[in-house]
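Notes follow the structure.
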Amino acid sequence: MKYKLNFVDTELEKIKQNNLYRKLRYGQAQGAHITINHKKLLNLCSNDYLGIPTTKIQIKQLQSSSRLVSGNDESYKKLEDILAKHKSQKSSLVYPTGYMANLGAISTIAKKGDLILSDELNHASIIESCKLSDAKISIYKHNDMDDLRNKIKHNGKNKFVITEGVFSMDGDFASLDQIVEISEKINAITVVDDAHGDFAVGKDGKGTPDHFGVARKIDLYVSSLSKGLGSFGGYVASQNNVVDLCINKSKSFIYTSALPSFLVEYSLKRFESNREKQRKRLESNVKQLSKGLNQIGYEINSNTHIIPIIIGGEKAAVKFGEFLFENGVFAQPIRYPTVPKNQARLRISVTSWLSHKDIERTLEILDKAHKKFM
Ligand SMILES: Cc1ncc(COP(=O)(O)O)c(C=O)c1O
């Protein structure tokens, strides 16, 4: 009898042939390091940007239900009030993950007959959420304001401009000051997914819109608690009625179990810690690493804590990553479809866990890699 799942092997083989095969690696993160196969490496690919020291929390009985049933622990109210204020919005709503927050919120507010303008480098969760919405989707060139100005003229009942704040794989800022100006002119709704800018940039870590002085002009925020804050979960922040509609309509909020309350408590603890001290340390680490990379001769176009080293070919990027691994630095090669074909890269992320000595050591290894590969 024919093996029914043969096509799976065929597909996997194709992925391997294109140097796009991914496999899981088990590791244990501790501070600036990660241990993989008994090898202790400097961790240059964590999104725990602030590196807030771990705090102890009590693990209570899990809610084992969705929030609209019996899963709505009291701690949610406190966290959601804090997050709304943090984003200069009226309300916020916590989802189990940032991915689910995007899926839930965007598909709730954008509908058939609407027009969504989405940056070409937006994250997969934004792309999926736009598809779920049934709205017409128009992709504008990455951070290209002329292209946005042209495409925003197309017909649509409600118009939405959706962008990341700090782009996750490129580390550049969206031009939010201009995006807000363009949107305001035609009353378009501005949605910012600030998963990577939140807690890490702007005054008090208020995020990318605050960095551009437009925090109050954003209509809907989506973000993650699993990156800068180093906790877990996702959230949206907006006007009361938008949050209310999400509670009533967004499927990734309604039809799933609530994030365990100990993680909500964990976010609260981390929010109340000395985040500003960690943020200043992050800024100083970013400066040191960027300056060192420029001195080595790397072409760096990012001015944030996400610093991609563009390699190009997928195979070469894997080899580059392996060399770093052998020499004690963990930075995963990022390949298609996460980034466009032939734009494979090492996505270096800076955290406050790293000491200046750790960064010096990283730079020594990256210097060796530059001589060997670039
Ligand atoms: C831009 C962006 N949005 C959303 C997400 C999803 O966030 P979470 O990890 O909380 O699901 C990510 C995750 O990498 C991201 O990069």
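So for the sequence shown, the working numbering puts the first residue at 1; every next one is plus one. By construction, the Cβ of each residue, glycine as well, lies at the ideal position given by its N, Cα and C atoms. Here the structure is a predicted model, which means the values were calculated and not measured.
Please tell me whether, using a cut-off of 7 Å, the distance from the CB of GLU80 to the nearest non-hydrogen atom of ligand 1 is below it.
no
Measure from the alpha carbon of ARG275 to the alpha carbon of each residue in TYR49, GLN30, GLN17, MET145, then state which is nearest.
TYR49
Residue ranges of each beta strand (DSSP E) run of no fewer than 3 residues wholly in the region 103 to 140, ordered along the chain?
115 to 119, 136 to 140
Other residues of its chain near ILE59: CB distance less than 6 Å, five sequence neighbours each side excluded
PHE262
Out of VAL350, GLY328, HIS370, state which residue places its alpha-carbon closest to the alpha-carbon of ILE34.
GLY328
If you count every other CB in all the chains shown that lies within 10 Å of the CB of ALA110, and 16 or more means buried, which is it?
buried
Supposed contact pair PRO333 and VAL318 - C-beta distance, whole angstroms, cut 8 Å
5 Å
Look up ILE300 in the DSSP assignment and say whether it is helix, strand or coil.
coil
Contacting residues, own chain, Cβ-Cβ under 8 Å from SER302 (five flanking each side not counted)
ASP170, GLY171, ASP172, SER290, PRO308
DSSP has TYR221 in a bridge; who is on the other side?
VAL192, ALA237
Would the beta-carbon of ASN195 be found less than 7 Å away from any heavy atom of ligand 1?
The sequence as given places Ala at residue 195; Asn does not occur at that position. Yes, Cβ of ALA195 sits closer than 7 Å to a heavy atom of ligand 1.
Is HIS38 a contact residue of ligand 1, with contact defined as CB to any heavy atom under 7 Å?
no
How big is the Cα-Cα spacing for PHE377 and THR256?
Past the edges of the chain, shown from 1 to 374, lies residue 377, and the structure says nothing about it.
Using a Cβ-Cβ cutoff of less than 8 Å, which residues in the same chain neighbour ALA84 once the five nearest sequence positions on both sides are dropped?
LYS90, SER91, SER92, ALA237
Could you tell me the alpha carbon to alpha carbon distance between ASN72 and GLN63, rounded to whole angstroms?
8 Å
Extent of the continuous alpha helix (DSSP H) run through GLU184
176 to 185
Rounded to whole angstroms, what's the CA-CA distance from LYS14 to LEU44? Just pull it up for me.
30 Å
From this set, GLU314, HIS123, LYS371, PRO96, which residue's C-alpha is nearest ALA344's C-alpha?
GLU314
For ASP146, does the count of other Cβ atoms within 10 angstroms reach 16, so buried, or fall short, so exposed?
exposed
Going by the C-beta, is GLU164 closer than 7 Å to any heavy atom of ligand 1?
yes
CA-to-CA distance, GLY98 to LEU115, given in whole angstroms
23 Å
Using alpha carbons as the reference points, say which of LYS280, LYS371, VAL243 lies closest to ILE296.
LYS371
Go to GLY321, then tell me how far its alpha helix (DSSP H) extends in each direction, as first and last residue.
314 to 326
Between ASP123 and ligand 1, is there a pair consisting of the residue's CB and a ligand heavy atom that are separated by less than 7 Å?
Asp is not the amino acid found at residue 123; the sequence shown has His there. Yes - ligand 1 has a heavy atom lying nearer than 7 Å to the Cβ of HIS123.
Going by the C-beta, is THR256 closer than 7 Å to any heavy atom of ligand 1?
no
I'd like to know whether the C-beta atoms of THR163 and ASP134 end up nearer to each other than 8 Å.
no
Test item: CB-CB of VAL192 and ILE218 under 8 Å
yes
Classification of MET100 by the beta-carbon crowding that lies within 10 angstroms, buried from 16 upward
buried
Any idea if ARG335 is buried or exposed, counting beta-carbon neighbours within 10 angstroms, 16 or more meaning buried?
buried
Using a threshold of 7 Å, is the CB atom of ASN240 nearer than that to any non-hydrogen atom of ligand 1?
no
Where THR351 sits in the DSSP three-state scheme:
coil
Need the endpoints of the beta strand (DSSP E) that LEU68 sits in, please.
From DSSP, LEU68 is part of no beta strand (DSSP E); its letter is neither H nor E.
How is GLY228 classed by DSSP in three states: helix, strand or coil?
coil
Which residue marks the beginning of the alpha helix (DSSP H) containing GLU265, and which one marks its end?
261 to 271
Rounded to the nearest angstrom, what separates VAL350 and LYS39 at their Cα positions?
20 Å
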